[in-house]
Ligand SMILES: Nc1ncnc2c1ncn2[C@@H]1O[C@H](COP(=O)(O)OP(=O)(O)OP(=O)(O)O)[C@@H](O)[C@H]1O
Ligand SMILES: [Mg+2]
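Residue numbers (the numbering used here): 500 to 768.
Next up, the structure:
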């Protein structure tokens, strides 16, 4: 682990050094039979190693497109997209992705689902099984390793999906509204868990969410995007220590940061 990684739990913001992710003048245009759709324009963003960053913005502003570009699933149309100084291209494997709906395979146990990325890359070893067990314990699912997804609640399935995204030790964890389909209480609890996972794993996390309080609760910085074509309107620093608990939601300063972002959000819609 680098010094930056081990240091981040006590230092809320890590702005020095080479960024892990570098986006410069990034643009994305989808070519469709009924014309071109300009999804993103002039996106400039640097993300430091170990940072937790959220992206909020109106529906259709290109948030998922950014995530797909970062994970190498789709190409960008213009500008620069670098991960660890390398151009991001097809099949760039150094990211783990968690989607809104858990996409666990119903015929595989939780453990087999978590190990899937390892199986696709090569062979499952005892070491990878141990790592799966460690991750499942980290999210409180150690008792459920041999169960099938249908035997788990929605929140538990998302926790398993987080383990699967982390099993190959990616540089970045990308999350696209991972808790959007859950009830408010499960969501709050998972937010606390995700904060713990971030602190325990020291991963760089990029989270897309429609919830401003969720973004503020979890992040060190919140990126606010404009309506399509998505541009960055503002990047808001969140002034709280990395370790968070639910009491923060009632804190006056927390409310102030949310209101500050909400103002940009209104402007964005
Ligand atoms: N494969 C595609 N082909 C054509 N247009 C697309 C494609 N994917 C996305 N778009 C368009 O690009 C724009 C941005 O889409 P994207 O899914 O990135 O937005 P989003 O911010 O994630 O929206 P939401 O908050 O609703 O999930 C939208 O106008 C969408 O219709
Ligand atoms: Mg989306």
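Glycine is no exception: its CB is placed at the ideal position from the N, C-alpha and C atoms.
Here residue 645 has 608 as same chain residues with Cβ atoms under 6 Å from its own Cβ, once five neighbours each way along the sequence are excluded. In the structure shown, the three-state DSSP call for residue 675 is strand. Below 8 Å, enough C-beta pairs join the stretch 660-672 and the stretch 703-713 to call them touching: three or more. Going by C-alpha positions, residue 563 is about 14 Å away from residue 595. Proximity of the beta carbon of residue 562 to ligand 2 is indicated: a heavy atom of the ligand is located closer than 7 Å. The distance from the Cβ of residue 571 to that of residue 590 is about 5 Å, consistent with a contact at the 8 Å cut-off. By the neighbour-count criterion, in which 16 or more other beta carbons inside 10 Å mark a residue as buried, residue 605 falls on the exposed side. For residue 733, the pairing in a beta bridge is given by DSSP as 723. Residues 743, 744 and 745 of the same chain have their beta carbon placed closer than 8 Å to that of residue 691, with the five preceding and five following residues left out of the count. DSSP places residue 580 in the uninterrupted beta strand (DSSP E) bounded by 577-582.
Per DSSP, the continuous beta strand (DSSP E) segment holding residue 520 begins and ends at 520-531. Shown here, residue 645 sits in coil according to DSSP, grouped into three states, outside any helix or strand. Contact between residue 569 and residue 520 is confirmed by a C-beta separation of about 7 Å, below the 8 Å threshold. Assigned with DSSP and collapsed to three states, residue 748 falls in helix. DSSP, reduced to helix, strand and coil, places residue 538 within a strand of the structure shown.
Bridge partners of residue 585 according to DSSP: 582.
Going by DSSP, residue 565 is part of the alpha helix (DSSP H) stretching over 562-569.
Going by C-alpha positions, residue 522 is about 35 Å away from residue 749. As the crow flies, the alpha-carbon of residue 730 is around 6 Å from that of residue 541. In the structure shown, residue 638 falls within a coil segment according to DSSP collapsed to helix, strand and coil. Not a single heavy atom of ligand 1 lies less than 7 Å from the C-beta of residue 680. In this structure, residue 518 keeps its C-beta atom at 8 Å or more from the C-beta atom of residue 555. Within the same chain, no residue comes within 6 Å of residue 584 by CB-CB distance, once the 5 residues on both sides are set aside. Minimum Cα-Cα distance from residue 733 among the listed residues 544, 709, 525 and 536 corresponds to 544. In the structure shown, residue 554 falls within a strand segment according to DSSP collapsed to helix, strand and coil. In this structure, ligand 1 has a non-hydrogen atom nearer than 7 Å to the beta-carbon of residue 531. Of the candidates 642, 678, 712 and 559, 559 places its Cα closest to the Cα of residue 538.
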